[in-house]
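Novice:
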Amino acid sequence: MGIILSYLWPLSTEVDPVTGLSPKDKHLLTTTWALVKKDAAGNGSHLFRLLFEKHPDVRDMFPFARGKQWAEYSEDARLRAHVSSVMYALTSMVDNLGDVACLDAMVRKLADNHVRRRVTLEHFKALGGILVQTLQDKLGPSIMTAETTTAWARMYDLVLKVLADQMAKPKGSD
Numbered sequence: 006m007g008i009i010l011s012y013l014w015p016l017s018t019e020v021d022p023v024t025g026l027s028p029k030d031k032h033l034l035t036t037t038w039a040l041v042k043k044d045a046a047g048n049g050s051h052l053f054r055l056l057f058e059k060h061p062d063v064r065d066m067f068p069f070a071r072g073k074q075w076a077e078y079s080e081d082a083r084l085r086a087h088v089s090s091v092m093y094a095l096t097s098m099v100d101n102l103g104d105v106a107c108l109d110a111m112v113r114k115l116a117d118n119h120v121r122r123r124v125t126l127e128h129f130k131a132l133g134g135i136l137v138q139t140l141q142d143k144l145g146p147s148i149m150t151a152e153t154t155t156a157w158a159r160m161y162d163l164v165l166k167v168l169a170d171q172m173a174k175p176k177g178s179d
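Here the numbering used here is used: the first residue of the sequence shown is 6, the next is one more, and so on.
(1) Short of 6 Å in beta carbon distance, which residues of its chain neighbour Ala-45, apart from the five on each side in sequence? Order them along the chain.
(2) Could you tell me which uninterrupted alpha helix (DSSP H) segments, each at least 4 residues in length, are contained entirely in the region 75 to 147, listed from first to last along the chain?
(3) Taking C-alpha atoms, which residue in Pro-175, Tyr-161, Asp-21 and Met-172 lies nearest to Met-98?
(4) Taking the beta carbon of Ala-69 as the centre, do at least 16 other beta carbons fall within 10 Å, making it buried, or is it exposed?
(5) Alpha carbon to alpha carbon, what distance is there between Glu-19 and Asp-81?
(6) Can you look up His-60 in the DSSP assignment and give me helix, strand or coil?
(7) Under DSSP, the alpha helix (DSSP H) around Lys-166 begins and ends at which residues?
(8) DSSP state of Thr-18, grouped into three classes?
(9) Do the CB positions of Trp-38 and Leu-95 come within less than 9 Å of each other?
(10) Taking Leu-144 as the reference, which of Leu-34, Asp-117, Glu-77 and Arg-83 has the closest Cα?
(11) Exposed or buried, what is Thr-125 when buried is set at 16 or more other beta-carbons lying within 10 Å of its beta-carbon?
(12) Using only the alpha-carbon positions, how far apart do Lys-31 and Ser-79 sit?
(13) Counting Cβ pairs, one atom from each stretch, are 3 or more of them under 8 Å apart for the region 55 to 67 and the region 127 to 138?
(14) So what does DSSP say about Pro-28, is it helix, strand or coil?
This is the structure we're talking about:
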């Protein structure tokens with residue numbers, strides 16, 4: 006039924022000037038994320054494995070992983086806890102694409118929590134590329150089409166803009 010309805014009433018591609026996302030983008034984001042969160046632990050573990058392999062400087066920010074290989078810490082409870090937190094945060098962002106004020110507040114809180122740990126905007130940019138790669142790896146090209154990949158890039162651009170704005174604020178200015 007959904008396929009018929011989307012054919013008869015296609016989703017708008019008109020981009021919201023605030024978020025940079027169209028209704029179609031939001032639909033693609035929510036439908037692909039619904040697939041990913043079915044195995045949030047496994048997909049999140051894949052995301053962190055790629056992140057740590059491609060960005061050992063990020064891996065070394067985690068005391069339990071510093072200077073070690075994946076096999077030495079992949080089952081560490083602290084890694085599993087962080088994976089769970091990140092996947093929950095991403096789920097919350099996707100779930101709140103229609104509530105810009107809430108999404109903005111979430112991302113600002115994320116920035117504040119990470120600045121204290123000396124996480125930079127560059128680290129978040131690295132994560133964005135790894136997130137898209139993880140989605141492509143786990144969902145495959147039939148789901149992660151060019152259009153869907155673009156929707157994820159747009160969403161992550163929105164997140165990066167808010168992160169950059171919040172991280173640039175003097176400490177305690179809120």
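The beta-carbon is built from N, C-alpha and C at its ideal position, and this holds for glycine as well.
Specialist: With the structure as the only source:
(1) So the qualifying residues of the chain are Met-92.
(2) Positions of the alpha helix (DSSP H) runs, each at least 4 residues long and wholly inside the region 75 to 147, are given as 75 to 78, 82 to 100, 105 to 120 and 126 to 144 in order along the chain.
(3) Ranking the options by Cα distance to Met-98, first place goes to Tyr-161.
(4) Here the sequence assigns Phe to residue 69, which means Ala is not the residue at that position. Under this definition Phe-69 is an exposed residue.
(5) Approximately 44 Å, taken between the alpha carbons.
(6) Coil.
(7) It spans 151 to 173 - the alpha helix (DSSP H) in which Lys-166 sits, taken as one unbroken run.
(8) Thr-18 sits in coil when the DSSP states are folded into three classes, being neither helix nor strand.
(9) Contact flag set, yes.
(10) Nearest in C-alpha terms to Leu-144, of all of Leu-34, Asp-117, Glu-77 and Arg-83, is Leu-34.
(11) In summary, Thr-125 is exposed, with fewer than 16 beta-carbon neighbours lying within 10 Å of its beta-carbon over all protein chains present.
(12) About 33 Å.
(13) Taking a cut-off of 8 Å on C-beta distances, the region 55 to 67 touches the region 127 to 138, as three or more cross pairs fall below it.
(14) Secondary structure at Pro-28: helix, using DSSP grouped into helix, strand and coil.
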